[in-house]
Ligand SMILES: *[C@@H]1O[C@H](CO)[C@@H](O)[C@H](O)[C@H]1NC(C)=O
Ligand SMILES: *[C@@H]1O[C@H](CO)[C@@H](O)[C@H](O)[C@H]1NC(C)=O
């Protein structure tokens, strides 16, 4: 009687453990996680986003600071950044996405102004 219970539970425990391992490694590989807004790589990527956006849209934004940062490790790193920048003297918030390739080349993938 005791033996049968144990035999039935073991596969269940293993299945649960597998689920746990799979979901936690998926989170590590796939998801965005919070990053330090003052991390030099975060700040570099945010400055790049503002500069690149200025080039692409012929604007004249001045980078102030990163207010929020998230990082996703892929083949390289994706950054999702909340940025404060000044446009003609007025501070605005923007959400930028920057991809930093393994060779450190940066690409601006998205740059949007948040609603005033
Ligand atoms: C760096 O990698 C990116 C993406 O793989 C590629 O587009 C770019 O040409 C590379 N740049 C250099 C300088 O190797
Ligand atoms: C930048 O320019 C593109 C193309 O002209 C436009 O679609 C986009 O909305 C602009 N971005 C911002 C933040 O104004």
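Numbering (mature numbering (1 follows the signal peptide of the UniProt record, and there is no 0)), first residue to last: -26 to -1, 1 to 90. Think of the CB as a built atom: it goes at the ideal place given N, C-alpha and C, for glycine as much as any other residue.
Looking at residue 74: is its Cβ nearer than 8 Å to the Cβ of residue 83? Not closer than 8 Å, so no.
On the three-state DSSP scale, how would you describe residue 22? DSSP places residue 22 in helix when its eight states are reduced to three.
When you measure from the CB of residue 75 to every non-hydrogen atom of ligand 1, does any distance come out below 7 Å? Yes - ligand 1 has a heavy atom lying nearer than 7 Å to the Cβ of residue 75.
Can you give me the Cβ contacts of residue 6 inside the same chain, cut-off strictly under 7 Å, excluding the 5 residues immediately before and after it? Apart from the 5 residues on each side of it in sequence, residue 6 sits with its Cβ closer than 7 Å to the Cβ of 44, 45, 46, 54 in its chain, given in chain order.
For residue 33, does the count of other Cβ atoms within 10 angstroms reach 16, so buried, or fall short, so exposed? When all chains shown are included, residue 33 counts as exposed.
Count the other C-beta atoms from every protein chain shown that fall within 10 angstroms of the C-beta of residue 79, then say buried if there are 16 or more, exposed otherwise. It counts as exposed.
For residue -2, which residues from the same chain have a beta carbon less than 7 Å from its beta carbon, with the 5 sequence-adjacent residues on both sides left out? For residue -2, the predicted structure reports a pLDDT of 48, less than 50, and the residue's modelled location is therefore unreliable. The matter cannot be settled from this model.
DSSP puts residue 74 in a beta bridge; with which residues? DSSP output for residue 74 lists 51, 80 as bridge partner(s).
On the CB-based measure, 16 or more other CB atoms within 10 Å of its CB, does residue 1 come out buried or exposed? At residue 1 the pLDDT is 47, less than 50, meaning the model places this residue with poor confidence and gives no usable figure here.
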